[in-house]
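If you're matching positions, the sequence shown starts at 3 in the numbering used here and goes up one per residue.
The beta carbon of each residue, even a glycine, is placed where N, CA and C say it ideally should be.
All values reported here derive from a predicted model rather than from experimental measurement.
Report on the following structure.
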Amino acid sequence: MPGWESWIALGDSFTEGVGDDGPRGCVGWADRLAATMGDQNPGLRYANLALRGKMLAEIVDEQVPIAEAARPQLVTLCGGGNDIITPGSDVDDVAALFESAVQRLRAAGCEVAVFTGPDPRVQPLLRRVRGKVAIYNGHVRAIAETHGARVIDLWSLRALHDRRSWCDDRLHFSPEGHRRIALRAAEVLDVPTTEDWRDPLPPEPPQRWLRMRQADLAWTTTHLLPWVRRQLTGESLGDGLTPKRPELTPLDQHV
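This is how it looks when you write it as structure tokens:
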């Protein structure tokens with residue numbers, strides 16, 4: 003297939019790029035992949051509507067209609083993670099809403115790529131919902147097969163089983179994590195690269211027990227307790243923010 007001509011990325015903090023900071027804000031796997039695609043096809047038009055903290059219903063209500071109207075060649079959709087980690091959420095209901103979004107985007111004539119969630123076993127907060135993530139991943143794969151979408155499988159991306167692929171908040175990915183995800187997505191989307199997402203990370207230096215416990219305490223104070231407070235109050239990290247690339251424009255106009 004020739005290079006992609008237009009791409010709109012939909013989602014939450016994962017696709018916005020939280021955890022991968024650059025001189026002009028967060029970068030993330032999508033911007034990294036867009037840069038690679040743009041090198042191969044300078045005519046690429048790209049938009050990134052993703053915003054941290056978005057629940058799937060917000061993605062469907064706010065972002066999907068923009069993609070339907072623009073009708074890009076490619077739409078990537080990743081959402082539902084914030085729903086799944088919320089206590090009391092129903093995975094089947096989240097998956098049904100996700101399927102409705104895929105149906106709408108395919109009906110608009112877009113090629114669609116979706117993501118499975120990574121295996122969260124290395125993170126103390128997320129591993130509590132590992133079973134829900136696995137069930138949701140099963141739904142995502144079935145939805146993709148039913149509606150002819152591509153699947154970017156992060157569960158099999160072993161580099162994400164390493165703590166170094168996650169940033170300090172243990173919820174978002176580090177620059178290395180985002181780089182690996184961009185390479186994984188490139189393979190599924192037939193974008194040639196010179197690197198391989200399968201390459202193992204170098205051995206991790208041994209860590210002292212006391213230093214690890216100190217890090218756990220700092221994480222609890224700095225990240226876990228604020229996350230619990232936001233869950234209780236309904237606040238979002240994205241409150242008051244706007245997407246970094248809200249319109250489908252040539253890549254070099256923003257990056």
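Check                                                                                                                                                 : Outcome
Looking at the structure shown, is Val257 part of a helix, part of a strand, or coil, going by DSSP?                                                  : Any reading at Val257 needs caution, since the residue's pLDDT is 46, under 50, leaving its predicted position unreliable; the model's value is listed next. Correct three-state label for Val257: coil.
Quick one: give me the first and last residue of the alpha helix (DSSP H) that Leu107 is part of.                                                     : 93-109
Distance check for Val124 and Gly179, CA to CA, integer angstroms please.                                                                             : 13 angstroms
Pick out whichever of Asp95, Gly30, Leu243, Gly19 has its Cα sitting closest to the Cα of His141.                                                     : Asp95
So which of Leu107, Ile87, Cys169, Arg166 has the shortest CA-CA distance to Leu12?                                                                   : Leu107
How is the beta strand (DSSP E) around Trp9 delimited, first residue to last?                                                                         : 8-13
Just mark Ala151 as buried or exposed, buried being the case when its beta carbon has 16 or more other beta carbons within 10 Å.                      : buried
Go ahead and pull the three-state DSSP assignment for Asp201.                                                                                         : coil
Could you pull the start and end residues of the beta strand (DSSP E) that Glu113 belongs to?                                                         : 113-117
Between which residues of its own chain and Thr1 is the CB-CB distance below 8 angstroms, once the five residues before and five after are set aside? : Residue 1 is absent from the model: the chain starts at 3 and stops at 257.
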